[in-house]
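The sequence shown begins at 1 in the numbering used here and counts up one residue at a time.
For each residue, glycine too, the CB sits at the ideal point set by N, CA and C.
From a predicted model like this one, the values you see are computed outputs, not experimental measurements.
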Amino acid sequence: MEIQNLSNEQLHERLAVLTEKYNSYKSLGLKLDMSRGKPGADQLELTNEMLDPALLGDYKASNGFDVRNYGILDGIPECKQLFADILGVKPENTIVFGNASLTIMYDYISQCMVFGAGAEPWAAQSGIKFLCPVPGYDRHFAILEQFGIEMINIPTNAEGPDMDMIDELIKDEKVKGVICVPMYSNPSGNTYSDETVRRFAALKPAAKDFRVIWDNAYCVHHVNETHDVLLNIFDIAKEYGSEDFFIEVTSTSKITFPGAGVSVLAASDKNIADIKKRMTVQTIGYDKINQLRHANYLKNLAGVEAHMLKHAAILKPKFDAVLEAFGKNLAGKGIAEWTVPNGGYFISLDVYAGCAKKTVALCKEAGVTLTGAGATYPYGKDPEDKNIRIAPTFPSRDELCKAVEILCLCVEIAAIEKILG
Ligand code: PLP
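Here's what the structure looks like:
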């Protein structure tokens with residue numbers, strides 16, 4: 001029964017029962033962390049063989065280059081090929097970077113600020129803006145905020161962002177771009193529909209120096225056997241002549257080791273040439289030993305897919321545990337909605353409007369740490385105070401089950417308290 005339909009007396013009775021349960025959990029002094037999208041220790045174990053020194057052979061890349069030495073700006077050939085196969089682009093349209101795609105994005109935006117993206121430097125054009133599909137990834141928003149770029153929320157649904165709104169807003173030449181996660185998005189786990197990808201490719205921005213940061217962090221991160229398929233943005237952009245708008249990034253952070261993986265940028269011929277030109281001043285080349293280790297270990301797309309199945313086997317029971325608990329404790333009460341992703345690292349939970357902060361605080365008091373309420377919106381401001389990002393990957397399944405049970409209690413307590421006023 002929907003909670004809003006209960007009488008005040010029934011609500012008070014229900015609250016008393018829930019509070020008693022909550023207090024008994026609180027007295028256990030639990031310490032459960034569902035705050036960040038990190039792989040669990042068992043997932044890290046999956047890739048240990050990659051640390052075998054024998055994997056580096058004679059330290060030679062496929063072009064005979066000694067990976068222990070300086071050189072090769074844009075990545076060893078086999079690593080470029082591996083990422084090209086993952087992203088469905090040509091190796092020459094990739095640049096292999098260091099251990100984090102976040103650094104690529106930060107650096108790209110930073111260079112647009114200083115040097116521009118084919119026009120006046122962004123920093124010299126006052127009042128520039130970016131469109132941010134919400135809920136989204138807090139670290140994207142942190143980058144834009146740090147550079148003083150105004151962020152505009154774009155609501156999303158299961159198909160992706162509101163493209164009508166984007167079409168309208170890009171008529172303003174101060175709008176320089178969009179930052180988004182097109183596949184198994186952080187935090188919804190939704191994948192952009194074919195129609196959405198086509199509409200991105202067809203964008204007609206007023207700004208000549210417009211860029212879409214297409215953060216494809218979860219491109220091979222299926223959890224369910226039935227998985228999502230994302231159209232290849234560069235294939236479609238070619239039809240519209242809009243390839244220069246797109247900067248795609250991904251990394252092996254959640255394939256091999258976060259913080260010790262390899263990242264990549266894919267872009268048009270023109271953008272690759274511009275980026276490489278600037279890079280020659282910045283570095284002689286990134287860590288090719290790690291590139292060779294990754295290429296030799298993962299081998300090819302089939303190797304990556306086989307490896308991701310092992311991750312999925314660990315992750316699926318965790319996603320299922322959260323979704324089962326939500327179904328059992330929250331369904332039909334009119335106080336919460338959540339996504340049911342086929343992959344990625346997150347589930348997005350919308351609680352009763354005005355209750356996300358309270359829910360997160362109640363969880364914290366009972367020893368369950370969640371991603372901060374508001375984190376999924378620019379400036380940390382969720383206008384309806386209702387979205388909470390659920391990260392089920394790091395805790396063990398037992399810990400997770402306990403944490404979600406407590407979370408569901410807190411969702412209901414916060415909603416009842418709100419309704420009672
Ligand atoms: N992009 C998204 C959407 C993420 O969720 C994350 C990590 O959670 C990252 C990028 C960070 O990736 P990397 O480790 O390559 O910097």
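Let me make sure I understand the geometry here. Which of the options has the alpha-carbon closest to that of residue i?
i, options, result
"Pro341", "Lys318, Ile233 and Phe115", "Lys318"
"Asp107", "Cys363, Arg293, Val264 and Gln291", "Val264"
"Asn300", "Asp66, Glu13, Asn69 and Leu87", "Leu87"
"Glu159", "Asp194, Cys180 and Val212", "Asp194"
"Leu292", "Lys38, Asp33 and Asp66", "Asp66"
"Val212", "Val197, Arg139, Glu399 and Glu412", "Val197"
"Ile143", "Thr156, Cys112 and Lys333", "Cys112"
"Gly57", "Ala353, Gly37 and Tyr297", "Tyr297"
"Ile419", "Tyr379, Cys401 and Tyr352", "Tyr352"
"Ala217", "Phe346, Asn157 and Ala202", "Phe346"
"Asn153", "Tyr377, Asn387, Lys386 and Val404", "Tyr377"
"Glu239", "Ile272, Asp228 and Phe200", "Phe200"
"Ala206", "Ser251, Lys174, Asn232 and Pro187", "Lys174"
"Gly421", "Gly354, Val134, Pro135 and Leu231", "Gly354"
"Ile29", "Thr369, Glu412 and Ile388", "Rather than Ile, the amino acid found at residue 29 in this sequence is Gly. For Gly29, the nearest C-alpha among the options comes from Thr369."
"Pro187", "Asn8, Leu46, Gly136 and Arg278", "Gly136"
"Lys21", "Pro155, Lys31, Glu405 and Thr94", "Glu405"
"Lys276", "Ala312, Ile72 and Val223", "Ile72"
"Ala373", "Lys386, Glu365, Leu231 and Ser251", "Lys386"
"Lys328", "Leu407, Glu399, Arg278 and Gly259", "Leu407"
"Leu426", "Thr250, Lys171, Ile390 and Ala312", "Absent from the model: residue 426. The displayed extent of the chain is 1 to 421, so no value can be given."
"Leu409", "Phe141, Ala336 and Arg389", "Ala336"
"Trp214", "Lys31, Asp228, Thr191 and Asn224", "Thr191"
"Pro133", "Glu120, Gly116 and Leu169", "Leu169"
"Ser185", "Ser7, Ser242 and Val220", "Val220"
"Cys431", "Leu32, Ser251 and Ser27", "This structure does not reach residue 431, given that the chain is present from 1 up to 421, and the question cannot be answered."
"Asp235", "Ala415, Ala375, Ser110 and Asn93", "Asn93"
"Asn23", "Ala295, Lys364, Gly116 and Leu6", "Lys364"
"Ser253", "Gly344, Ala237, Met279 and Ile149", "Gly344"
Tell me which residue opens and which closes the alpha helix (DSSP H) that residue i is part of.
i, result
"Gly303", "Leu301 to Leu330"
"Met163", "Met163 to Leu169"
"Asn196", "The question names Asn, but residue 196 is Thr in the sequence shown. First-last of the alpha helix (DSSP H) with Thr196: Asp194 to Ala201."
"Val17", "Asn8 to Lys26"
"Ile289", "Lys288 to Leu298"
"Phe115", "Ser101 to Phe115"
"Tyr400", "For the record, residue 400 in the displayed sequence is Leu; it is not Tyr. It spans Arg397 to Leu420 - the alpha helix (DSSP H) in which Leu400 sits, taken as one unbroken run."
"Ile76", "Taken as a continuous stretch (DSSP letters only), Ile76 belongs to no alpha helix (DSSP H), as it is neither H nor E."
"Glu45", "Ala41 to Glu45"
Let's see if you can read the secondary structure: which residues bound the beta strand (DSSP E) around residue i?
i, result
"Met151", "Glu150 to Asn157"
"Leu265", "Ser263 to Ala266"
"Glu337", "Ala336 to Trp338"
"Ile95", "Thr94 to Val96"
Identify whether residue i lies in helix, strand or coil by the three-state DSSP scheme.
i, result
"Asn387", "strand"
"Met183", "coil"
"Gly380", "helix"
"Leu32", "strand"
"Phe130", "strand"
"Leu144", "helix"
"Glu269", "According to the sequence provided, residue 269 is Asp. The question's Glu does not apply to it. Note: Asp269 maps to helix in three-state DSSP."
"Phe246", "strand"
"Asp52", "coil"
"Lys276", "helix"
"Val89", "coil"
"Val67", "coil"
Determine whether the Cβ of residue i lies closer than 9 Å to any Cβ atom of chain C.
i, result
"Gly177", "This model lacks chain C altogether; it includes just one protein chain."
Meets three-Cβ-pair contact criterion under 8 Å: the region 358-372 and the region 284-291: Touching, no, given that fewer than three Cβ pairs across the two stretches are closer than 8 Å.
Any 3 or more C-beta pairs closer than 8 Å across the region 309-329 and the region 92-103: Judged by Cβ distances under 8 Å, the region 309-329 makes no contact with the region 92-103, as fewer than three pairs qualify.
Given 8 Å, three or more beta-carbon pairs between the region 236-246 and the region 297-316: Between the region 236-246 and the region 297-316, the count of Cβ pairs shorter than 8 Å is below three; the stretches do not touch.
Beta strand (DSSP E) segments (min. 3 residues) lying fully within the region 206-239: Restricted to the region 206-239, the beta strand (DSSP E) segments that are unbroken, complete and at least 3 residues in length are 211-215, listed in chain order.
Within the region 341-368, ranges of the beta strand (DSSP E) (whole runs, at least 3 residues): If we require 3 residues or more, the beta strand (DSSP E) runs fully inside the region 341-368 come out as 347-351.
Segment contact, 8 Å Cβ cut-off, at least three pairs: the region 44-64 with the region 266-275: Cβ pair count under 8 Å is below three, so no.
Any 3 or more C-beta pairs closer than 8 Å across the region 378-386 and the region 7-18: Touching, no.
Stretch pair the region 120-137 + the region 77-92: three plus CB contacts closer than 8 Å: Cβ pair count under 8 Å is below three, so no.
Meets three-Cβ-pair contact criterion under 8 Å: the region 70-87 and the region 179-188: No: the two stretches stay apart, fewer than three of their Cβ pairs being nearer than 8 Å.
At least three beta-carbon pairs within less than 8 Å, the region 391-404 to the region 33-46: Enough Cβ pairs lie closer than 8 Å, so yes.
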